[in-house]
Amino acid sequence: MMEKMLIDKKLTTLTEKIITDENFKISAEEALYLTELPDRDIFDLIACANKIRRHYKGDAVVTCSITNAKSGLCSEDCAFCAQSVHHRTNISTYPLLGEEELVAKALDLYTRGATEYSMVTSGYMLNDEEIEVICRAARRIKEMTGMIICSSLGILTYDRAKKLKESGITNYHHNLETARSFFSHICTTHDYEDDVETVRVAKEVGFRVCSGGILGMGESWEQRVELALTIRELDVDSIPINFLNPIEGTRMEGRPLLSPREALKCIALFRFINPKKDITICGGREVTLRDLQGLIFAAGANGFLIGNYLTTLGRDIESDIKLIEDLGLVTRRDG
22 MMEKMLIDKK LTTLTEKIIT DENFKISAEE ALYLTELPDR DIFDLIACAN
72 KIRRHYKGDA VVTCSITNAK SGLCSEDCAF CAQSVHHRTN ISTYPLLGEE
122 ELVAKALDLY TRGATEYSMV TSGYMLNDEE IEVICRAARR IKEMTGMIIC
172 SSLGILTYDR AKKLKESGIT NYHHNLETAR SFFSHICTTH DYEDDVETVR
222 VAKEVGFRVC SGGILGMGES WEQRVELALT IRELDVDSIP INFLNPIEGT
272 RMEGRPLLSP REALKCIALF RFINPKKDIT ICGGREVTLR DLQGLIFAAG
322 ANGFLIGNYL TTLGRDIESD IKLIEDLGLV TRRDG
């Protein structure tokens, strides 16, 4: 006789609490309990995360896009990054793109289905002249497309943040990358608090703030919970989850990929801890999840980055837009 399989009672209880009480927050201990569920319960965990996603986010999918607006020669020594001067990689390096090219890239992505556009630059922070170029491009893109405009320009001062906000940029992206307790294993050239403070500055001037990290760099499940809780404490609006795609020439080049099941479990964990926030799946999606990419939404995500990444290629945009349609979801265009 086949053993009767029941859904874990604590899992269902936590799910119902999150759905029925908007003020309920799971504890670190409860989050760790979820990470310890056996592999046979992975689809139960995903199903519960999906219920939370649908309750708070509906069936609308955020489709972000980025352009590598300034590439390479970064002074920071982040272990995963192909753009660091501390690594020997084969990426192209170039200064900040001109205003015309930044606008042209936005228009191309807009016509292909992107609803958000982010200008991303390498380096610790931009200078005043570079900030001016970004601001001029943002004004034109906003006028021509109405796209949600995001930027990821490194460390921010209050005055620069205010200037960017006044140009029409509404979203600011700045990842914490990993848990505070693991950060020294990833980066030694700046302090974790520098990144936290930039998130706080961006919130203070009124940006919609996007901050997450990269999973699969050797951190423990406890540290994944720590990162998710730090993000919850900062009350960011959107959480990008990346999976390490080891780049030859970086300190992370020999690390194995996360398994698809572990990656899906990570997404579900972040949904349980941050039930009301946008959760978007970004770098490493294709190589980590392979044929299971469509399950990111069932696992709790409500968005993904379409098109290419900073130094690696993504799937073609049309395939991702078709995936949304095939799943009966819709593209969110209201920001």
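Everything in the sequence shown is counted per this note's numbering, starting at 22 for the first residue and increasing by one. Even for Gly, the Cβ is constructed at its ideal location relative to N, Cα and C.
- DSSP links R229 through a beta bridge to N192.
- Within its own chain, the residues whose Cβ lies closer than 6 Å to the Cβ of D216, once the five positions on either side in sequence are excluded, are L197, listed in chain order.
- Ranked by Cα distance from E137, the first of L35, S340, I87 is I87.
- DSSP links V124 through a beta bridge to no other residue.
- The DSSP assignment places 81 to 91 as complete runs of the beta strand (DSSP E) inside the stretch 46 to 120, in order along the chain (cut-off: 3 residues).
- Taken through DSSP and simplified to helix, strand or coil, V257 comes out as coil.
- The DSSP assignment places 281 to 294 as complete runs of the alpha helix (DSSP H) inside the stretch 267 to 304, in order along the chain (cut-off: 4 residues).
- For the set R353, L290, D347, W242, the Cα lying nearest the Cα of S202 is the one of W242.
- Annotation: R74 to L265 spans about 24 Å, alpha carbon to alpha carbon.
- Shown here, E240 sits in coil according to DSSP, grouped into three states, outside any helix or strand.
- Note on D256: under 16 other CB atoms within 10 angstroms of its CB, so exposed under the neighbour-count rule.
- Check the Cα spacing between T178 and each of N148, G328, K286, I40: the tightest is with N148.
- The beta carbons of N192 and R157 sit about 18 Å from each other, so the pair does not count as a contact at 8 Å.
- Counting of Cβ neighbours within 10 angstroms places S139 among the buried residues, the total reaching 16 or more.
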